[in-house]
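If you use the numbering used here, the sequence shown corresponds to residues 6 to 433, in order. Where is the CB? At the ideal position from N, CA and C, for every residue including glycine. Keep in mind the model is a prediction, meaning the values are calculated, not measured. The block underneath contains the structure these notes are about, expressed in structure tokens.
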Amino acid sequence: MATGRLPTSASDATPGATPPKRSKTSTSEIFVSFRLRDFRYLTLSTLAAGFAQWAKQLALFALVYEMTGSAVQLGAVAAFRGGVGTLIAPYGGYLSDRFPRRRIIVASTLLDAVLAAILAALVLFDLAHVWHVYVIAFGGGLAQSINQPARQAFVYDVSTDETLPNAVAVNSMVQNVSRVLGPSAFGVMMAAWGVASGLVMLVGLQVAASIATLQISHVTRQTRVTSTVSPWRMIGEGFTYSWQDKRILGLIVLSTIPSLLIYPYIPFLKIVSEDVLHRGNAGFGMLSSMMGWGSLIGLFALAYVGGARNRGLLMLGGFLAYALILLGFSASSNYVLSLSILATAGIFHSVAMALNNTLLHQVTRNEMRGRVMAVNQMSHGVQAFGSFPMAFAISAWGAQTGIGAFMAMASVAFLVFVLAWGSVRRLQ
Numbered sequence: 006m007a008t009g010r011l012p013t014s015a016s017d018a019t020p021g022a023t024p025p026k027r028s029k030t031s032t033s034e035i036f037v038s039f040r041l042r043d044f045r046y047l048t049l050s051t052l053a054a055g056f057a058q059w060a061k062q063l064a065l066f067a068l069v070y071e072m073t074g075s076a077v078q079l080g081a082v083a084a085f086r087g088g089v090g091t092l093i094a095p096y097g098g099y100l101s102d103r104f105p106r107r108r109i110i111v112a113s114t115l116l117d118a119v120l121a122a123i124l125a126a127l128v129l130f131d132l133a134h135v136w137h138v139y140v141i142a143f144g145g146g147l148a149q150s151i152n153q154p155a156r157q158a159f160v161y162d163v164s165t166d167e168t169l170p171n172a173v174a175v176n177s178m179v180q181n182v183s184r185v186l187g188p189s190a191f192g193v194m195m196a197a198w199g200v201a202s203g204l205v206m207l208v209g210l211q212v213a214a215s216i217a218t219l220q221i222s223h224v225t226r227q228t229r230v231t232s233t234v235s236p237w238r239m240i241g242e243g244f245t246y247s248w249q250d251k252r253i254l255g256l257i258v259l260s261t262i263p264s265l266l267i268y269p270y271i272p273f274l275k276i277v278s279e280d281v282l283h284r285g286n287a288g289f290g291m292l293s294s295m296m297g298w299g300s301l302i303g304l305f306a307l308a309y310v311g312g313a314r315n316r317g318l319l320m321l322g323g324f325l326a327y328a329l330i331l332l333g334f335s336a337s338s339n340y341v342l343s344l345s346i347l348a349t350a351g352i353f354h355s356v357a358m359a360l361n362n363t364l365l366h367q368v369t370r371n372e373m374r375g376r377v378m379a380v381n382q383m384s385h386g387v388q389a390f391g392s393f394p395m396a397f398a399i400s401a402w403g404a405q406t407g408i409g410a411f412m413a414m415a416s417v418a419f420l421v422f423v424l425a426w427g428s429v430r431r432l433q
């Protein structure tokens, strides 16, 4: 039940807030979360949804670049899509705490599938225009802003306190399987059969994700808020709670830095592939997938070591290394070297983000989980505010200098955070 008191201390946290004791992890325990039936189905849903999102991202970016040849238009589409998520995510968090998350995930996934089917038809019949891409990007951003808070919180719902750290690592690992295979596969597919092929595949994957989600039990450990408090007050409680707990605030601020200064480079890999490395759509797909390969290595190692100690400090070091390595990527004009650098960056990024998500779950009260996940989701939405400046920097200075400037700023921001935010640095 929602109450007027907002929990702010460690003693108010859920029973799962105490990190599990570290034990020697055998290979058979790396996927211990798969022993839970509902987590297995969530994994299948996440895998299909992950492939679908990569198909959509590559298709939208490739389509708008083929239509306009403009870096600014690429940045605008990315900003439009992410900006919607920033605005709607708090309401998505309210829905996640108020209604069954299983239903929310299915409904929003099917909405995304319908939008993709419409754009696929427009492309197939040669009726697509740039404004259509913006409309679909808006609708897709709306669907994802409702889907993601529920999907992130659902990892907790279908896990136990003991398996939660492993579940977060495995869930991230599965997402990166789609990141590894999706971009390269869809890049080759679109190079051979056009952008419409990626959109058609997207529809099928979204339907598959919905079917897998429907197999999950109606009964999970979600704590649904049944209060008659207005939605706006509940949304406000989520912001207040996130602000008052400096650990939660710090973890969200930390995940905002790459969203604002690093992630905007992803759509511009298309320009790096075309203008710097001269590899076209196939190269775009391979570049997009290499961080996923590295992420799989990092997440596999994280799942193997189990409950690592000093996770706050380990997470901070991972984020700083991630930014510095991508600074090196911005200076590379060699295709093989660029692929290797992105894979290495993926190792550090995956470990840092998995630790960030695990710590966020562990310090959050259960009845506030959806709203906190929504506030965290907003941090990803600020990518929209980084996309435009990076687009103009690339237009003015070229892809390498423009991307490099942002990676340098991110490195400085992470270093300042390491030195200044002790409550996060001390998290175990």
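Where Ile221 falls: helix, strand or coil (DSSP)
In the structure shown, Ile221 sits in coil (DSSP, three-state: anything other than H, G, I, E or B).
Alpha carbon to alpha carbon, what distance is there between Val69 and Leu292?
19 Å
Three-state secondary structure (DSSP) of Glu242:
helix
Measuring only the C-alpha atoms, how far is Ser75 from Asn286?
16 Å
For Arg430, which residues in the same chain have their Cβ closer than 8 Å to its Cβ, ignoring the five residues on either side in sequence?
Gly317, Leu318, Leu321, Val423
Closest residue to Ala396 among Leu79, Ile262, Leu52, Leu432 (Cα-Cα distance):
Leu79
Ala67: which of Pro236, Val200, Trp402, Phe85 sits nearest, CA to CA?
Val200
Report back the beta-carbon spacing between Leu41 and Ser164 to the nearest angstrom; my notes put them in contact at under 8 Å.
7 Å
I want to check one thing, is the minimum distance from the CB of Gly199 to the heavy atoms of the ligand SAH below 7 Å?
Questions concerning the ligand SAH fall outside what the structure shown contains, since it holds no ligand whatsoever.
Taking its Cβ as the centre, do 16 or more other Cβ atoms sit within 10 Å of Ser235, making it buried, or is it exposed?
exposed
Roughly how many angstroms separate the alpha carbons of Phe85 and Phe289, rounded to a whole number?
21 Å
In angstroms, rounded to a whole number, what distance separates the CA positions of Ser298 and Thr233?
In the sequence on display, residue 298 carries Trp and not Ser. Rounded to whole angstroms, Trp298 to Thr233 spans 47 Å at the Cα level.
Classify Gly339 as buried or exposed, calling it buried when 16 or more other Cβ atoms lie within 10 Å of its own Cβ.
Note that residue 339 is Asn in the sequence shown, not Gly. The residue is exposed, with fewer than 16 neighbouring Cβ atoms inside 10 Å.
Inter-residue CB distance, Asp43 and Thr225 (contact presumed, cutoff 8 Å)
At roughly 7 Å, the Cβ-Cβ gap stays under 8 Å, so Asp43 and Thr225 are in contact.
Between the region 406-415 and the region 187-196, are three or more C-beta pairs nearer than 8 Å?
no
When we look at the beta-carbon of Lys29 and count the other beta-carbons within 10 Å, is it buried (16 or more) or exposed?
With a pLDDT of 47 at Lys29, under the threshold of 50, the modelled position of that residue is not reliable, and no figure is offered here.
Is the distance from the Cβ of Ile253 to the Cβ of Val377 below 8 Å?
yes
What span of residues does the alpha helix (DSSP H) with Trp136 cover, start to end?
135-162
Enumerate in chain order the residues of its own chain whose CB-to-CB distance from Lys61 is below 7 Å, with the five nearest sequence positions on each side excluded.
Listed in chain order, the non-local C-beta contacts of Lys61 below 7 Å within the same chain comprise Ala121, Gly145, Leu207, local neighbours out to five positions each way being set aside.
Under the three-state reduction of DSSP, which class applies to Arg430: helix, strand or coil?
helix
Residue interval of the alpha helix (DSSP H) (run including Phe422):
404-425
Under 8 Å, do Val179 and Leu52 count as touching if we go by C-beta distance?
A contact, by the Cβ cut-off of 8 Å.
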